[in-house]
């Protein structure tokens, strides 16, 4: 799939904002801990991916009713849905100067992923969290995502790489008092 940067300015994929708050002390502390002892930025990216995938519970899988959306809150509370986990991973990667974009798939609802830039190319990663039937892995040699869109059901990969969360995703997260409410208001498409 041909991926399209929302903005040509690569520095936008390193920026901090209200959601991707990589200057927050907790994000910096987790990033420093993950960076300790890794050989290079590739090993750091893999460590950050595996941390978010495995140590941050997907709230639907765990039954957690809390809704998180800001990267530092996801790390503090240890829970979030795919979008929130993508925000946390983006913040951890940007904290170590790895250009990272937010990207999405249209499945039953919109699903959140990230793309990391290495060796002049973007590589999508899915930190959603593994479970029976889902085996997402960090890879720069072909995608190992949690889900593949089924064209028969009008599912698709959105090609745009966003520097900030898509407004419909962020609105749904911010407006939800709990995960059951969020599940009713997830965007069906971008």
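In the numbering used here, the protein residues as written are 472 to 661. Where is the CB? At the ideal position from N, CA and C, for every residue including glycine. Values in this document were obtained by computation on a predicted structure and should not be read as measured data.
Burial state of residue i, where buried means 16 or more other Cβ atoms lie within 10 Å
i, result
"residue 491", "buried"
"residue 481", "exposed"
"residue 504", "exposed"
Whether residue i touches residue j by CB criterion (9 Å)
i, j, result
"residue 547", "residue 515", "no"
"residue 484", "residue 595", "no"
"residue 615", "residue 606", "yes"
"residue 495", "residue 562", "yes"
"residue 569", "residue 650", "no"
"residue 661", "residue 581", "yes"
"residue 576", "residue 648", "no"
Alpha-carbon spacing of residue i relative to residue j, whole angstroms
i, j, result
"residue 578", "residue 622", "10 Å"
"residue 498", "residue 527", "13 Å"
"residue 486", "residue 560", "14 Å"
"residue 625", "residue 543", "34 Å"
"residue 531", "residue 550", "9 Å"
"residue 519", "residue 537", "23 Å"
"residue 474", "residue 655", "29 Å"
"residue 644", "residue 540", "6 Å"
"residue 646", "residue 653", "8 Å"
"residue 493", "residue 597", "19 Å"
"residue 512", "residue 489", "25 Å"
"residue 618", "residue 583", "11 Å"
"residue 517", "residue 556", "15 Å"
"residue 469", "residue 639", "This structure does not reach residue 469, given that the chain is present from 472 up to 661, and the question cannot be answered."
"residue 506", "residue 608", "19 Å"
"residue 510", "residue 554", "29 Å"
"residue 658", "residue 472", "23 Å"
"residue 604", "residue 523", "19 Å"
Residue from the options with nearest C-alpha to residue i
i, options, result
"residue 478", "573, 606, 583 and 519", "573"
"residue 601", "505, 521 and 509", "521"
"residue 565", "640, 635 and 610", "635"
"residue 641", "609, 503 and 558", "558"
"residue 613", "508, 529, 556 and 592", "592"
"residue 476", "500, 631 and 611", "631"
"residue 501", "545, 604 and 535", "545"
"residue 529", "639, 610, 658 and 599", "599"
"residue 633", "571, 590, 604 and 523", "571"
Proximity test, Cβ basis, 9 Å: residue i and chain C
i, result
"residue 605", "In the structure shown, chain C does not exist; there is a single protein chain."
Could I get the ranges of all uninterrupted alpha helix (DSSP H) runs contained in the region 606–647, with 4 residues as the minimum, in chain order?
Segments of the alpha helix (DSSP H) lying fully in the region 606–647: 638–646.
For the region 547–613, which segments carrying the alpha helix (DSSP H) assignment without a break, of at least 4 residues, lie completely within its bounds, in sequence order?
553–566
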